[in-house]
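As numbered in my numbering, residues 12 to 575 make up the sequence shown, in order.
Here the structure is laid out as structure tokens; the discussion comes afterwards.
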Amino acid sequence: MAGLSVLTLNLRWDARGSSRLRGSRHGCSPGSITDAYRLERLKKPRTSWRAMRRELRRVLGLAALTGVSVGSMVGSGVFSTPGLLASVAGPSAVLAVLLMGGATLVLGLVYAELGTLFPRAGGVYYFPREILGDFLGFVTGWSYYLSCVVGTAAIIYSFVLYLSFYAPWLAEGLTLTGYGVGLSLAILAVVTYVNVRGVRLGAGLSLALTVAKVAAIAAVSAALLLRFKPSNFSSLAPYGAQGLALAVAFGFWMHAGVESVSLVGEEALDPHRNIAKSLLLTISLVTLVYALAFAAFVGSVDWGLLGLREGDWASLANLSSPFADVAQSLGMPAVAHLAFIGAALSTLGCFSAWVLLQGRVAFALARESRLWARLGEVHPRFGTPANALAFSSLLTGLVMLAVPSFPSVVLLSMIAAFLAYATSSLSLPVSRRMLRDAARPFRAPAPLLLGWLGFALSTLYMYWACWPWTLTGSLLMLLAVPVYRVFSRLSAAELRRSLWLLAYVASVPILSLLGDKTFTYSNFLPVEPLGLIPTPWDAAALLAVATAFYVWGYYSAVGPAKVE
12 MAGLSVLTLN LRWDARGSSR LRGSRHGCSP GSITDAYRLE RLKKPRTSWR
62 AMRRELRRVL GLAALTGVSV GSMVGSGVFS TPGLLASVAG PSAVLAVLLM
112 GGATLVLGLV YAELGTLFPR AGGVYYFPRE ILGDFLGFVT GWSYYLSCVV
162 GTAAIIYSFV LYLSFYAPWL AEGLTLTGYG VGLSLAILAV VTYVNVRGVR
212 LGAGLSLALT VAKVAAIAAV SAALLLRFKP SNFSSLAPYG AQGLALAVAF
262 GFWMHAGVES VSLVGEEALD PHRNIAKSLL LTISLVTLVY ALAFAAFVGS
312 VDWGLLGLRE GDWASLANLS SPFADVAQSL GMPAVAHLAF IGAALSTLGC
362 FSAWVLLQGR VAFALARESR LWARLGEVHP RFGTPANALA FSSLLTGLVM
412 LAVPSFPSVV LLSMIAAFLA YATSSLSLPV SRRMLRDAAR PFRAPAPLLL
462 GWLGFALSTL YMYWACWPWT LTGSLLMLLA VPVYRVFSRL SAAELRRSLW
512 LLAYVASVPI LSLLGDKTFT YSNFLPVEPL GLIPTPWDAA ALLAVATAFY
562 VWGYYSAVGP AKVE
């Protein structure tokens, strides 16, 4: 892979500064519909890579990329969800973690190929833009940017909530007090300043915090494994396959962030090799750490010391801090404190990584004239998108002031993020069809099948974000249509090619309303899910709907030519 030449982009710009594709989608033989003009776009960038390197410096090696990637994925979930997942699946919660790792690998392979094909800042926005069209790219970028801004607020909430164990005046339940919000804003300002000063400094902070939190998770897990009880695994799946499926549904968000390394592809050293390596290392490490932690938790539960009936896995949902509660019951107070410290470090490291990453998304949108031009500028001294970083952190701060409640912010951010997973998954097979002759440093296997799997998983993930947040998130995503018109003209042809995505986004809350009542959380609307499609039939319906939209989206991109 190292011997392959660098791929670049050649965009043709009209008088308004928006990209225009040359060529026709019709009247061409299969495969030639867009080969000519899309391969033309891969010859040269809008500015040369030499100029781009002066703007965004290539300084992130494999270790730094992996630190940012692992840091963005491993947050509070590994410390807060073991009790919940074990309550619905019993010991098979460990198997659920492994299944989630397999699902993450599907998306990881998608991003490994696309990230090495288009190693650009804000890659999640660029993939659908370059492959599916400018408007579809903007809807994806808009949705993903919203998820970054809102999700970063959720992560710092979580950090302060853990601190409130030692400083109770910071929070009341899951809502931050004025002191908690003030501390959150102060930490946000400091971390933003560090990232403005240089990507090497920001990535170094993320790497250091990643090492610290992985070490803390490993230490807590090792201590609990000393009290391991094989009898806890005597009945692996007490609630059957449905319990296992619910565990996957409730814990899927622990793996969010698999795409993060593609957001800094333009700042990666040897991106055609290191992006794919970093992704695969991240997925392997995160899955291993999660499996170890969950096995340690399940194996160390002492029912009598916890005051619970033996084998009553459902009662573990009441543990507010699963690792700390189990350690305390076993007479290991030092381990309990280490669990709290590890959780705080984990969320702080995740927060640091996402402050770095969200600025790259705003920078990418602005550089393509889809946000205010000043956000696309690079600091002449530090070589970072300073304006985009500051603007993104300002929005995150406003979210913290407006919604000082952790669960609501998490769910709102998740559904917006998973739309990007869906469009990226579709972009993989379309890119193979449209860019047949493009050099691919990394080639994912079976792109049409892999893309469908990623698209279907993304649809399930959006549904699992729960009613009414499926509705709220979809409305925010559809706001991309009027926002796009502020920055560019939306042609009738472009709109027709994009109808499938708008219908897809609208279908998610409809399915959520018709689906299982289990998937509702903190409902502020007078309407609740109707329960007309209970589990597991809701999953079957979602897969059917996802397949229909996947086929529609594929043909909208490649035209009526035969699928090969």
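Glycine included, C-beta positions come from ideal geometry on N, C-alpha and C.
Rounded to the nearest angstrom, what separates S167 and L327 at their Cα positions? Contrary to the premise, residue 167 reads as Ile rather than Ser in this sequence. Answer to the nearest angstrom: the Cα atoms are 26 Å apart.
Tell me the rounded alpha-carbon separation between I521 and L316. L316 has its alpha-carbon roughly 45 Å from the corresponding atom of I521.
Taking the continuous alpha helix (DSSP H) assigned at M488, which residues delimit it? For M488, the enclosing alpha helix (DSSP H) stretches over residues 480 to 489.
Round the Cβ separation of T293 and S80 to the nearest angstrom and send it over; I've been treating them as touching at under 8 Å. About 4 Å separates the two Cβ atoms, so the contact holds.
So is D448 buried or exposed if we call it buried at 16+ other beta carbons inside 10 Å? Classification for D448: exposed.
Starting from T531, follow its DSSP beta bridges and name the residues at the other end. Answer is W478.
Give the straight-line distance between the Cα atoms of V272 and Y495, rounded to the nearest whole angstrom. Using only the alpha carbons, I get a separation of about 26 Å.
Give a yes or no on whether the minimum CB-CB distance between S195 and chain D is below 9 Å. Judged by its chain identifiers, the structure shown contains no chain D, having just a single protein chain.
Note down, in chain order, each residue of its chain lying with its Cβ closer than 6 Å to the Cβ of T546, except the 5 sequence neighbours on either side. Closer than 6 Å at Cβ, skipping near neighbours: D527.
Which one or two residues does DSSP pair with L71 in a beta bridge? Note: L71 sits in a beta bridge opposite A279.
Between E270 and Y173, which are expected to be in contact by the criterion C-beta below 8 Å, what is the C-beta distance as a whole number of angstroms? That belief does not hold up - the Cβ atoms of E270 and Y173 are roughly 26 Å apart, past 8 Å.
Within 9 Å, strictly: CB atoms of A476 and F429: The answer is yes: Cβ separation under 9 Å.
If you count every other CB in all the chains shown that lies within 10 Å of the CB of V89, and 16 or more means buried, which is it? Counting the other CB atoms within 10 Å of its CB gives V89 a total of 16 or more, which places it among the buried residues.
Using the rule of at least 16 other Cβ atoms within 10 Å of the residue's Cβ for burial, across every protein chain shown, is G213 buried or exposed? It counts as buried.
Test item: CB-CB of G152 and L512 under 9 Å: No.
Could you compute how far the alpha carbon of L18 sits from the alpha carbon of F402? Confidence is the limiting factor: at L18 the pLDDT is only 31, short of 50, which leaves the residue's position unreliable, though a coordinate-based value still follows. Taking the straight line from one Cα to the other gives about 30 Å.
Between the C-alpha atoms of E277 and L71, what's the straight-line distance to the nearest angstrom? Taking C-alpha positions only, E277 is separated from L71 by approximately 9 Å.
State buried or exposed for S242, treating a residue as buried only when at least 16 other CB atoms are found within 10 Å of its CB. Under this definition S242 is an exposed residue.
Taking Cβ to Cβ, would you say S87 is nearer than 9 Å to S357? Yes. Within cutoff.
Pop quiz: A107 and A100 are said to be a contact at Cβ under 8 Å. What is the actual Cβ separation, rounded to whole angstroms? At roughly 6 Å, the Cβ-Cβ gap stays under 8 Å, so A107 and A100 are in contact.
Own chain partners of V337 with C-beta closer than 8 Å, once the 5 adjacent residues on each side are dropped: The answer, listed in chain order, is L235, F308, S311, V312, D313, L317, L330.
In this structure, does DSSP put T92 in helix, strand or coil? If DSSP states are grouped into helix, strand and coil, T92 belongs with coil.
Relative to the C-alpha of L262, which candidate in R68, F466, S98, P440 has its C-alpha closest? Note on identity: in this sequence residue 262 is Gly, with Leu being the wrong assignment. Checking every option, the nearest Cα to that of G262 belongs to S98.
As an exercise, report each continuous beta strand (DSSP E) stretch of at least 3 residues that is fully enclosed by the segment 152 to 195, in chain order. With a minimum length of 3 residues, no continuous beta strand (DSSP E) run stays inside the segment 152 to 195.
Identify, in the order they occur along the chain, each residue of the same chain with its Cβ nearer than 8 Å to the Cβ of A517, setting aside the five sequence neighbours on each side. Exclusion of the five residues before and after A517 leaves S485, L489 as the residues of its chain whose Cβ lies within less than 8 Å of its Cβ.
Give me the DSSP bridge partner(s) of G526. Its beta-bridge partners are I544.
Ordered along the chain, which non-local residues of its own chain (more than five positions away) have a Cβ less than 6 Å from that of F305? In the same chain as F305, and ignoring 5 residues on each side of it, the C-beta atoms closer than 6 Å to its own belong to P93, A104, V105, V108, in chain order.
Once you ignore the five residues that flank L73 on each side, which residues in its own chain have a CB closer than 7 Å to its CB? The residues are N285, K288, S289.
On the DSSP letters alone, give me the boundaries of the alpha helix (DSSP H) that P333 sits inside. First-last of the alpha helix (DSSP H) with P333: 333 to 340.
I need the boundaries of the alpha helix (DSSP H) containing P102, first residue and last residue. For P102, no alpha helix (DSSP H) segment is defined, and its DSSP state is neither H nor E.
Among V135, R68, M84, which one has its Cα closest to the Cα of A373? Closest in C-alpha terms to A373, from the list V135, R68, M84, comes V135.
To test your reading of the DSSP string, which unbroken alpha helix (DSSP H) runs of 4 or more residues are found completely within the segment 295 to 332? Taken in chain order, the complete alpha helix (DSSP H) segments of 4 residues or longer contained in the segment 295 to 332 are 314 to 317.
For L274, count the other beta carbons within 10 Å of its own beta carbon; 16 or more makes it buried, fewer makes it exposed. Which is it? By the neighbour-count criterion, in which a residue is buried when 16 or more other Cβ atoms sit within 10 angstroms of its Cβ, L274 is buried.
Under a three-way DSSP split, which group does A347 fall into? In the structure shown, A347 sits in a helix (DSSP, three-state: H, G or I).
List the DSSP bridge partners of A132. Here A132 is bridged, per DSSP, to V275.
Here's the rule: buried if 16 or more other CB atoms are within 10 angstroms of the residue's CB, otherwise exposed. What is G394? Counting the other CB atoms within 10 Å of its CB gives G394 a total of 16 or more, which places it among the buried residues.
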